[in-house]
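Basically our numbering = 1-based index in the sequence shown + 397.
Idealized CB from N, CA, C, for every residue including glycine.
From a predicted model like this one, the values you see are computed outputs, not experimental measurements.
What follows is a set of notes on a single structure, which appears directly below.
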Amino acid sequence: MSTMTTPTAKAPPQDDSASLMPKKLMRSRPLFDPDIVGRAIRASFVKLNPATLLKNPVMFVVEVGAALTTIFLIRDMFTTAPIGFPVQIALWLWFTVLFANFAEAMAEARGKAQADALRKTKTDALAKRLTSSGKIEQAPASALRAGDIVIVEAGDLIPGDGEVIEGIATVDESVITGESAPVIRESGGDRSAVTGGTKVLSDHIRVKITSNPGETFLDRMIALVEGAQRQKTPNEIALNILIAGLTSIFLLAVITLQPFSAFAVAQAGAGHVPSVAVLISLLVCLIPTTIGGLLSAIGIAGMDRVMQHNVLAMSGKAVEAAGDVNSLLLDKTGTITLGNRQAVEFVPVHGITSEELADAAQLASFADETPEGRSVVVLAKQQYGKRGRHLAEGEAVFIPFSAYTRMSGVDLTGRQLRKGASEAIAKFVFERGGRVPEDFQEMSDHISRGGGTPLAVADGKRLMGLIHLKDVVKGGMKERIAQLRLMGIRTVMITGDNPLTAAAIAAEAGVDDFLAQATPKDKLEYIKKEQAAGRLVAMTGDGTNDAPALAQADVGLAMNTGTMAAKEAGNMVDLDSNPTKLIEIVAIGKQLLITRGALTTFSIANDVAKYFAIIPAMFMATYPALGKLNIMGLHTPESAVLAAVIFNALIIIALVPLALRGVKYRPLSAASLLRRNLLIYGVGGIVAPFPGIWVIDQLLHALHLA
């Protein structure tokens, strides 16, 4: 007698060097990591180059103002004019520029630190290249060109990006994904793509190289992770134009104050004209320096947060587009459902007990290594305790599944047990002189209407019943989709199932719409239809057949385990190959947009408040009547100006953590988010300068600094 057991796959050997790899190359580092802060401080001074700052018009104006103040200060040093006040103004104006540079440099330094970690994984391995004569020659990986064929055996590093054209092997991709579990790579299908720098653990494969040196996936990752190379997105460009316009308006207004003040003093015969340092200080306080100093950092930090989720964004535009998505296309299998149909119920026909059906179904499934077959065995164990089944040696003849017969099973002494498609099993029963019960078709249709798949079971000429196979919707999926709906995002399930099954799964998952029996052409046409209606569309995919739709979508998230065509077509690549991550990417994109909007609101409100806080105190010597509006009781025009300049500089550095981490995102409607941001950042921006400037003014007065 022999015990029937479920075959298990042998785990591939683990290489000791894998333990040296970081658990996640794109892992989040502490916000103020000493190495990152050190890089950022050095870069802050490098960025003082006017050619660099010219890309940021607001901070360029501040730097010009700081330079002019410094020049006038040096001039005054050779006269009897007091220089205490101009020295402090010049220093704090330079600090303002440096703090803004620091915010951007912090975001860039985080990206460069990640890029350095990736560079350490690059090695110039030796490759076994096939020559035109069929011989194997040793060649460095850097010498390989697209089209070369290489042999990679157990223990070898894959020398470059390519496609498996022969063989099957387990591959350690922890160098890319940070995950220690090996993956299967084989020729044909959607698991043929391999990445340079990953390691073959078992067997051997023949790989066709698809990239030239400097063009590998790892090279592109390094280039894209470099924050300094990030291009501005359309929204950033538009916001830059807005703040540049505001800067021009305030610049014109401040320039005209000089002649007006001179005229007023001449007419009154009293007072004095504001100095250049005072006028420059006023300009710096009124232009949107806060958002001007943080804008670039917000965008770079958004890409960094995506990378911390092990997703490689091909551009900042892709991350931003994720925040504007209106329609989300989700594959049913593996995204909405667990990916494998599971046996959930035994449904016997009249005259057969559930236990008899479970017994026959389990025996017919012992040799079935598919997830569905394994689930039948498990369900019989769970419901009826059928475990430790014994069959005599040579008694069982297992019948493997065939696409022609559409069934599988086992022949025992005096028994022919089969399970398979309803029509195939019905035909099997008829051929042996049996009959199909009248309620059988209705039972089968009932399972289909509920979104399941009926799998019939027969014992020779006796039809015993059905196994209810069901796509199990992932836990929490309905709640996540409800959150997306609250955010104004329409979810669409894409599946190859028939409309009846698709409708049932769609209802259970709570999606807004579904596309059944979808072909690559259907997906592409659906995306075009959504875009024609003015919606932005996001989708995931991993196969070559998904490439057209991924390329057409506004946000195309390709799986790293997918084909090279899919990865080239998408504008994001998920290194963990988790389709549900698209939902997280959308949330990160929205967080990026909300952070930028919140800090822009705060900056503009802050500038308006500073206007009312310091203008009366600043000009009461020129226009004494303004003294009545000095409601905060600021001590002197000099202390008011200096307090405003210091507050303006410190608020930038205070908001750096918020710019890098992002405003906490909650799945709310657009109207609710707008009200919340206006209340917190709009009102907060108006209120904050008053106590801030007052406290600094008091300190300056107490320390006799102004």
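> Should residue 594 go down as buried or exposed, given a rule of 16 or more other Cβ atoms within 10 Å for buried?
Replying inline: Under this definition residue 594 is a buried residue.
> CB-CB under 7 Å to residue 773, same chain, minus the five flanking residues each way: which ones, in chain order?
Replying inline: Taking residue 773 as the centre and dropping the five residues before and after it, the same chain places the C-beta of 740, 758, 759, 762, 864 closer than 7 Å to its C-beta, in chain order.
>> Quick check on the burial criterion: 16 or more other C-beta atoms within 10 angstroms. Buried or exposed for residue 918?
In response: Exposed: under 16 other Cβ atoms inside 10 Å.
> Is residue 479 buried or exposed, if buried means 16 or more other CB atoms sit within 10 Å of its CB?
Replying inline: Answer is exposed; the Cβ neighbour count stays below 16.
>> For residue 914, count the other beta carbons within 10 Å of its own beta carbon; 16 or more makes it buried, fewer makes it exposed. Which is it?
In response: Residue 914 comes out exposed.
> Near residue 542, what residues of its chain come up, given a Cβ to Cβ distance below 6 Å and the 5 sequence neighbours on each side ignored?
Replying inline: Residues 609 of the same chain have their beta carbon placed closer than 6 Å to that of residue 542, with the five preceding and five following residues left out of the count.
> Thinking C-alpha only, which one of 501, 831, 935 is nearest residue 966?
Replying inline: The shortest Cα separation from residue 966 among 501, 831, 935 belongs to 935.
> Closer than 7 Å: is that where the CB of residue 980 sits relative to any heavy atom of the ligand ATP?
Replying inline: This structure lacks the ligand ATP; in fact it carries no ligand of any kind.
> Rounded C-beta distance between residue 391 and residue 1090? I'm assuming under 8 Å.
Replying inline: Missing from the structure shown is residue 391; the chain here goes from 398 to 1103 and no further.
> Contact check, residue 1078 vs residue 987 under 8 Å by CB: the rounded distance?
Replying inline: Contact flag wrong, Cβ pair sits at about 16 Å.
>> To the nearest angstrom, how far is the alpha carbon of residue 724 from that of residue 706?
In response: If you take the alpha carbons of residue 724 and residue 706, they lie about 22 Å apart.
> Sorted by chain position, which residues of the same chain lie with C-beta nearer than 7 Å to residue 500's C-beta, five sequence neighbours on each side aside?
Replying inline: Around residue 500: 690, 691, 694, 1049, 1053, 1056.
>> If you measure between the beta carbons of residue 891 and residue 867, is that distance less than 8 Å?
In response: At the C-beta level, residue 891 and residue 867 stay beyond 8 Å of one another.
>> Is it the case that the segment 971-983 contacts the segment 945-962, given that we only count it when at least three CB pairs across the two stretches are under 8 Å?
In response: For the pair of segments examined, the segment 945-962 was found to touch the segment 971-983: the number of CB pairs separated by less than 8 Å reaches three.
> In the segment 714-758, which residue ranges form an unbroken beta strand (DSSP E) of at least 3 residues, counting only runs that do not cross its ends?
Replying inline: Taken in chain order, the complete beta strand (DSSP E) segments of 3 residues or longer contained in the segment 714-758 are 724-728, 734-745.
> What residue from 643, 637, 547, 616 has the CA that sits closest to residue 1004's CA?
Replying inline: Taking only the C-alpha atoms, the option nearest residue 1004 is 643.
> Could you give the distance in angstroms between the alpha-carbon of residue 558 and the alpha-carbon of residue 545?
Replying inline: Residue 558 and residue 545: Cα-Cα distance of roughly 11 Å.
> Does DSSP put residue 475 in a helix, a strand or coil?
Replying inline: Three-state DSSP puts residue 475 in coil, outside helix and strand.
>> Please state whether the Cβ-Cβ distance between residue 527 and residue 548 is less than 8 Å.
In response: Cβ distance < 8 Å, so residue 527 and residue 548 count as in contact.
> Using CA coordinates, which residue listed in 750, 458, 474 is at the minimum distance from residue 649?
Replying inline: Cα-wise, what sits closest to residue 649 is 458.
> If we ignore side chains and look at the alpha-carbon of each, how far apart do residue 902 and residue 783 end up?
Replying inline: Each residue's alpha carbon lies about 30 Å from the other.
> Cα-Cα, which of 751, 462, 485, 813 is closest to residue 777?
Replying inline: Here the closest residue by C-alpha is 751.
>> Pop quiz: residue 857 and residue 812 are said to be a contact at Cβ under 8 Å. What is the actual Cβ separation, rounded to whole angstroms?
In response: Contact flag correct, Cβ pair sits at about 7 Å.
> Using DSSP with H/G/I as helix, E/B as strand and the rest coil, what is residue 812?
Replying inline: Look at residue 812 here: in three-state DSSP terms it is strand.
> From the DSSP output, which residues share a beta bridge with residue 832?
Replying inline: Answer is 859, bridged to residue 832.
>> Between the alpha carbons of residue 421 and residue 708, how many angstroms are there, rounded?
In response: Because the pLDDT of residue 421 is 45, which lies under 50, any placement of that residue in the model is unreliable, and the number read from its coordinates should be weighed accordingly. As the crow flies, the alpha-carbon of residue 421 is around 12 Å from that of residue 708.
>> Considering only their Cβ atoms, is the gap separating residue 874 from residue 982 smaller than 8 Å?
In response: Residue 982 is not a Cβ neighbour of residue 874, given a cutoff of 8 Å.
> Bridge partners of residue 567, per DSSP?
Replying inline: Residue 567 pairs with 581, 599.
> Looking only at C-alpha atoms, which of 552, 1074, 681 sits nearest to residue 1104?
Replying inline: Look at the range of the chain in this structure, 398 to 1103, and you will see that residue 1104 is not part of it.
> Helix, strand or coil for residue 864 per DSSP?
Replying inline: Strand.
> Taking the C-alpha atoms as reference points, what is the distance between residue 697 and residue 656?
Replying inline: When rounded, the distance between both Cα atoms is 42 Å.
> What's the call for residue 474, buried or exposed, on a 16-neighbour Cβ count within 10 Å?
Replying inline: The residue is exposed, with fewer than 16 neighbouring Cβ atoms inside 10 Å.
> What number of angstroms, rounded off, separates the C-alpha of residue 418 from the C-alpha of residue 596?
Replying inline: A caution first: residue 418 carries a pLDDT of 31, below 50, which makes its placement in the model unreliable, though a value can still be read off. Distance between residue 418 and residue 596, taken at the CA atoms: about 12 Å.
>> Buried or exposed, going by whether 16 or more other CB atoms sit within 10 Å of the CB of residue 1076?
In response: The residue in question, residue 1076, is exposed, as its Cβ has fewer than 16 Cβ neighbours within 10 Å.
> Expressed to the nearest angstrom, what Euclidean distance is found between the alpha-carbon atoms of residue 1093 and residue 727?
Replying inline: The C-alpha of residue 1093 lies about 54 Å from the C-alpha of residue 727.
>> For residue 461, tell me which candidate among 893, 764, 490 has the shortest Cα-Cα distance.
In response: Checked all of 893, 764, 490; the closest Cα to residue 461 is 490.
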